[in-house]
Every structure is written in C-alpha cells, then in structure tokens.
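Quick notes on the structure that follows.
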Amino acid sequence: MSWFLSHYPLLGALAASFKIIEDPLLCHRMQISVAAINMQMREIYVNPHARLEQEELRFVMAHELLHAGLRHDARCGGRDPYYWNVACDYVINAWLLEMRVGRMPEQGLLYDPALKGESAEAIYDRIVADLRRYRKLSTLRGVELGDILGEPGWWASSEGMDLDEFYRSCLSQGLMMHQDQGRGYISAGLIEEINALSQPPIPWDVELAQWFDHFFTPLENVRTYTRLSRRQSSTPDIPRPLWVSDLPDDNRTFGVVLDTSGSMDRVLLAKALGTIASYSIARDVTQVRVVFCDAATFDQGYMAPEDIAGNVKVRGRGGTILQPGIDLLEDAHDFPKEGPLLIITDAQCDRLTIRREHAFLVPVGRYLPFPPRGLVFRMH
C-alpha cells in the first residue's frame, strides 16, 4: 500500500481507502487461494500461504484495485458473475503486463494475448458462446470462484451509489495525478475506460436517435423551375425558382422484428414502440415493415409509424423464435435490400443469423445468448 501511495498515483487513492487483511484462517474459510476484494466492506484479502514475493504482491494489489476503480461489480448487470469476473480478469491482467506493474504470479492469473485490446463485455460474449472451454478457469480466489466479493446489487442502495461515485473519482483523479507527475506509462485502453466511466452514460433513446440519423438523413428543400411563380408576371424574362421539399422515396423505411411473447415487459414495450414511432415521424419515414414473433411469425406488412403501438398485442404463446421473422424480411421482394432491421426482444430468444444492417433493443440487465454483431440499445 505504501508503494502505491508514494510511487503509483494512479491507484494511490484507491489503495488508501481499502484495508488489507492477511488472515490464513479467514482466507481458508472464504476459499481464497491468493486474493480477493470486497468493495462493499472496503477490504482486500491476501492469503499469506500463497507466499507471494514483493513484485507479485504489487501486481495482485493493482489487479484487485482496478476491479474496484473500474466498477466491475456494478457493471455485471444480468451477466453470470463468475464468467463476468473471468472476462474482467483477462482485460486487467493484459493492462498490468503492458504497464509492467509488478510481476504476474504463476497461480490464479488469466491472460491470453489473443484477447488483448478486447473489452470485458466483448470477452464475456465470447465466453458465453463457448462455456465448456472457460468453465474450469481459475481467478485469484480459485477455480470456478470469482475474486469480486459482496452482496449482488448492494451498490444500488444510497450507500452503494456513494461508494460507486467515490471509487470512480479516485481512479479518475489518480489518472490526472499520474499523468501530471509523469509517473510512468499507462495503457491507452485503460485511459479510455477511465475516461468513459467518468462521463455519464448516453441514454438509450439518444443512442437510438443517432442510429436513425445514420440511416435516414433529413429531407432538404430543393429549387425547382418546373412551375412559374406568380411574381414573374411583371418580369417574365427573369426566372425565379420555387423551394419545394424532397419527397420520401419508397426505400426510406426499415423493418421491426418484435418479440410479442408473454415474457416481454408491457411497459417497456410501449415505451420502445412510442420512441420508434416519434423518431420515424420526425425523420419522414412514412411506413415501417413490422413482423411480430413469439412461438410463430405474424407478418403485419407495412404500417404507419403512429399505428404501431396501437396494434401490438402481447400474445404470450411461450418461447420466442425470431429467426423466421428475420428471414421473412431479408427475403421479401417488397422490402428494400438496404433496409435496416430493428429487433426488439427481452433476449430470451434463439441464436440469430442476420445478413443486413441491424440493431437490438433489449431491457437493461438482459443479454443476448450470442455475441451480437449489430448495436445493442438497453432500454429502462
């Protein structure tokens, strides 16, 4: 801890806020083979039986402190805690090796050069796609045990939100001090993540609006000489153009594949459809191709944006199968080849293969059962 306070400002403030516990009996009872962290209790546990050398201790301490500063427990959401812990370990250890903070111990450390540069979210998506390969991996706590301790969701309380803000500010202020004092190299990926955490997240509806702007640019007024102005009666030899608006063409549309199974939250569904309708009208999208999916597929054809919300009925017929609805739109002769798709689902669906531009709209805390290629907007 003294070394971080005096030599490594990036993690100095975080190190000062935690108590280090080296109790072999307590570590044995908590199944901690090397180390673990409890952000709620502000405690870091180090098992002295691991017999770590000084350089290895620095690496382990930095590893646990980055879990706290990067708020990995709060960012877990609805993911499996162990596999999320494994994904975060891959990211942290790659950064610490790149920055040469201490020395990586041989036991309990996850590192794969092929995953360098990937985010924890992206690595988690890889893991859940191949659980057999990652099931028996070991963190600093042990095999199939995460080194992030604490009650799930504790940070959502008033005390937890205060600590959440405190840990974020410690890391962002430590970054400023580290750079101002020229105390050593910091990975670009870590700097980017710290800066991202210090900024408030973009609301999902704003992100969705940006997605609409990408595909549907605003219609502009253009000049035309096809119809004479009345003002020209006095000076017929001087042409004066008229300003007319562009007319939206038939390709100015998109497809909505909508999960209408009984597991969909009706309030969120209404909010999503209302947002889609308002954005479509604002961007001169006159018609939207809509497909409802639960256990079967129901093609609703083209609908006016303002009519979508009033015609949706949650059927509640069991599991959700979305692939036939996507295939229907991709193969439809009356749907533009360049038309994007927006898939609204609670993520309790089948694995999807989508060939064209697309995005997902899912409730916050839910995760698709496959690595998504398109953007994912999380509504709440």
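Heads up: the sequence shown at position 100 corresponds to 108 in my numbering, and the numbers run straight through without jumps.
Backbone N, C-alpha and C define an ideal beta-carbon position, used for all residues, glycine too.
Are the CB atoms of Val54 and Gln115 within a distance shorter than 8 Å? In the sequence shown, residue 115 corresponds to position 107, counting from 1. In the sequence shown, residue 54 corresponds to position 46, counting from 1. No. Outside cutoff.
Strand pairing of Met311, partner residues [DSSP]: On the sequence shown, residue 311 is found 303 positions in, with the first residue counted as 1. In DSSP, Met311 forms a bridge with Val296.
Can you name, in chain order, every residue of its own chain whose Cβ lies under 8 Å from the Cβ of Asn101, other than the five neighbours on each side? Counting from 1 along the sequence shown, the entry for residue 101 is found at position 93. For Asn101, where only same-chain residues beyond five positions count, the Cβ hits under 8 Å are His71, Met112, Leu117, Leu118 and Tyr119.
Inter-residue spacing [alpha-carbon to alpha-carbon] between Asp31 and Pro160: As a first step, residue 31 is located in the sequence shown; it is residue number 23 there, counting from the start. As a first step, residue 160 is located in the sequence shown; it is residue number 152 there, counting from the start. Cα-Cα distance, rounded: 24 Å.
Taking Pro344 as the reference, give the member of Tyr142, Gln356 and Arg297 with the closest Cα. Position 336 of the sequence shown, counted from the first residue, corresponds to residue 344. Looking at the Cα atoms, Arg297 is the closest of the given residues.
Using 8 Å as the Cβ pair cut-off and three pairs as the minimum, do the stretch 86-100 and the stretch 136-149 touch? yes
With a threshold of 8 Å on Cβ separation, who are the neighbours of Leu330 within its own chain once the five nearest residues in sequence on each side are excluded? In the sequence shown, counting from the first residue as 1, residue 330 sits at position 322. Answer for Leu330: Val265, Asp267, Cys301, Ile351, Thr353, Cys357, Asp358 and Leu360, listed in chain order.
Can you list, in chain order, the stretches of the alpha helix (DSSP H) that have 4 or more residues and sit fully within the stretch 58-96? 62-77
In this structure, does DSSP put Arg37 in helix, strand or coil? Along the sequence shown, one-based indexing puts residue 37 at 29. Residue state, collapsed to three classes: helix.
From this set, Gly333, Arg108, His36 and Ala95, which residue's C-alpha is nearest Gly123's C-alpha? Looking up residue 123 in the sequence shown gives position 115. According to the sequence as given, residue 123 is Leu; it is not Gly. Leu123 has its Cα closest to that of Ala95, out of Gly333, Arg108, His36 and Ala95.
Taking all protein chains shown into account, do 16 or more other C-beta atoms lie within 10 angstroms of the C-beta of Asp188, making it buried, or fewer, making it exposed? As a position in the sequence shown, residue 188 is number 180, starting the count at 1. It counts as exposed.
Buried or exposed: where does Leu34 fall if 16 or more other Cβ atoms within 10 Å of its Cβ makes it buried? Looking up residue 34 in the sequence shown gives position 26. Exposed is the call here.
Let me confirm a value: Tyr193 is counted as buried when at least 16 other C-beta atoms fall within 10 Å, else exposed. Which label applies? Along the sequence shown, one-based indexing puts residue 193 at 185. The residue in question, Tyr193, is exposed, as its Cβ has fewer than 16 Cβ neighbours within 10 Å.
What are the residues that DSSP puts in a beta bridge with Gly158? Mapped onto the sequence shown, residue 158 falls at position 150. Note: Gly158 sits in no beta bridge, so no partner.
The beta strand (DSSP E) with His366 in it runs from where to where? The residue you call residue 366 lines up with position 358 of the sequence shown. Start and end: His366 to Pro371.
Asn203: first and last residue of the uninterrupted beta strand (DSSP E) it sits in: Within the sequence shown, the letter at position 195 stands for residue 203. Looking at the DSSP string, Asn203 is not in any beta strand (DSSP E); the run it does join, the alpha helix (DSSP H), is Ala196 to Leu205.
Taking the beta strand (DSSP E) that Tyr53 falls in, what are its first and last residues? Locating residue 53 in the sequence shown gives position 45, counting from the first residue. Glu51 to Val54 is the span of the beta strand (DSSP E), which, as asked, contains Tyr53.
Report buried or exposed for Ser288, applying the criterion of at least 16 other Cβ atoms within 10 angstroms of its Cβ. For the purposes of this step, residue 288 is identified with residue 280 of the sequence shown, where counting begins at 1. Buried: at least 16 other Cβ atoms inside 10 Å.
With distances taken Cα to Cα, identify the nearest neighbour of Gly454 among Tyr98, Ser180 and Ala340. This structure gives no information on residue 454, because the portion of the chain shown stretches from 9 to 388.
Taking DSSP's pairing of strands, which residues face Phe385 in a bridge? By one-based count along the sequence shown, residue 385 stands at place 377. Phe385 is bridged to Leu369.
Can you tell me whether DSSP reads Asp267 as helix, strand or coil? Stepping through the sequence shown from its first residue, residue 267 is reached at position 259. The answer is strand: DSSP assigns Asp267 an E or B state.
Going by beta-carbon coordinates alone, are Gly20 and Phe67 separated by less than 8 Å? Counting from one through the sequence shown, the residue named residue 20 turns up at place 12. Counting from one through the sequence shown, the residue named residue 67 turns up at place 59. No, these two residues do not count as a Cβ contact at 8 Å.
Could you pull the start and end residues of the beta strand (DSSP E) that Ile29 belongs to? For the purposes of this step, residue 29 is taken as the residue at position 21 of the sequence shown. Note, Ile29: beta strand (DSSP E), Lys27 to Ile29.
Residues in its own chain within less than 7 Å of Glu314 by CB, not counting five upstream and five downstream? Along the sequence shown, one-based indexing puts residue 314 at 306. Cβ within range, chain order: Ala285 and Ile289.
Give me the Cβ distance between Pro17 and Met185, rounded to the nearest whole Å; I'm assuming they're in contact under 8 Å. If you number the sequence shown from 1, residue 17 lands on position 9. If you number the sequence shown from 1, residue 185 lands on position 177. Their Cβ separation, rounded to whole angstroms, is 4 Å, which keeps Pro17 and Met185 in contact under 8 Å.
Beta-carbon spacing of Glu200, Phe385 below 8 Å: Numbered from 1 along the sequence shown, position 192 holds the residue referred to as residue 200. Numbered from 1 along the sequence shown, position 377 holds the residue referred to as residue 385. The answer is no: Cβ separation not under 8 Å.
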